[in-house]
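Report on the structure given below.
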Amino acid sequence: MVYVDNVDVTSILISSIFTIGDVYRAAPTSNILAVQKEGSEYIPGTFKFKDYDIFNLEPSPPLPPITITTFTYQNNPIVVDDIEIKGVSTAGVFQIGGIDHIISKNRTKHFRLLQEDEQM
């Protein structure tokens with residue numbers, strides 16, 4: 214059992230997870246094309262994930278599991294008073310409770326298209 218008195222969250226964005234209680238597995242994933250375009254109007258369909266190799270690459274192998282000292286509360290609840298979260302974003306996980314597996318993946322292609330570059 215988890216008892217939380219107050220959680221104040223400003224934002225949770227882009228495939229992020231906020232959970233209270235135990236979870237076996239969390240696997241948030243996000244693919245983002247971030248285009249900063251100067252000048253002419255945006256034309257839908259101009260940018261496609263398939264056009265950028267980063268979205269087609271195989272992920273690197275996961276790191277080996279780490280061993281940490283944990284506390285086991287047999288029949289005792291987790292009690293939290295107050296939490297203030299400004300933001301959780303881009304395949305992030307905020308967890309109050311137990312979790313066995315986390316596999317987060319984010320791929321972001323960010324670029325700028327400036328008018329002076331387009332004229333060349």
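Anchor point for the sequence shown: position 112 equals 325 in our numbering, and the numbering is continuous, going up by one each time. Backbone N, C-alpha and C fix where the C-beta goes; we use that ideal spot for every residue, glycine too. All of these numbers come straight from a predicted model, not from anything done at the bench.
| Under 8 angstroms, do valine 217 and isoleucine 298 count as touching if we go by C-beta distance? | Numbered from 1 along the sequence shown, position 4 holds the residue referred to as residue 217. Numbered from 1 along the sequence shown, position 85 holds the residue referred to as residue 298. Between valine 217 and isoleucine 298, the CB-CB gap reaches or exceeds 8 angstroms.
| field | aspartate 264 versus valine 292: straight-line alpha-carbon distance, rounded | value | Walking along the sequence shown from the start, residue 264 turns up at place 51. Walking along the sequence shown from the start, residue 292 turns up at place 79. Each residue's alpha carbon lies about 48 angstroms from the other.
| request: At 3 residues or longer, and completely inside the segment 246-320: list those beta strand (DSSP E) runs for me, N to C. | output: Taking 3 residues as the shortest admissible run, the segment 246-320 contains the following complete beta strand (DSSP E) segments, listed from N- to C-terminal end: 291-298, 306-309, 312-315.
| task | Closer than 7 angstroms by C-beta to phenylalanine 231: which residues in its own chain qualify, once you throw out the five before and the five after it? Chain order, please. | result | Numbered from 1 along the sequence shown, position 18 holds the residue referred to as residue 231. Its chain contains Val222, Ile225, Val301, Phe307 as the residues whose beta carbon lies nearer than 7 angstroms to that of phenylalanine 231, once the 5 sequence neighbours on both sides are disregarded; these appear in chain order.
| field | Exposure label - serine 253; buried when at least 16 CB within 10 Å | value | As a position in the sequence shown, residue 253 is number 40, starting the count at 1. Serine 253 comes out exposed.
| Assuming isoleucine 296 contacts alanine 239 under a Cβ cut-off of 8 angstroms, what Cβ separation, rounded to an integer in Å, is found between them? | What you label residue 296 is simply residue 83 of the sequence shown in a count that begins at 1. What you label residue 239 is simply residue 26 of the sequence shown in a count that begins at 1. Wrong, their Cβ atoms sit about 18 angstroms apart, outside the cutoff.
| field | Cut-off 7 angstroms between Cβ atoms - residues of its own chain near threonine 321, not counting five sequence neighbours on either side | value | Counted from its first residue, the sequence shown places residue 321 at position 108. The answer, listed in chain order, is Ile245, Ala247.
| request: List the DSSP bridge partners of isoleucine 230. | output: One-based indexing of the sequence shown puts residue 230 at position 17. DSSP lists Val306 as the bridge partner or partners of isoleucine 230.
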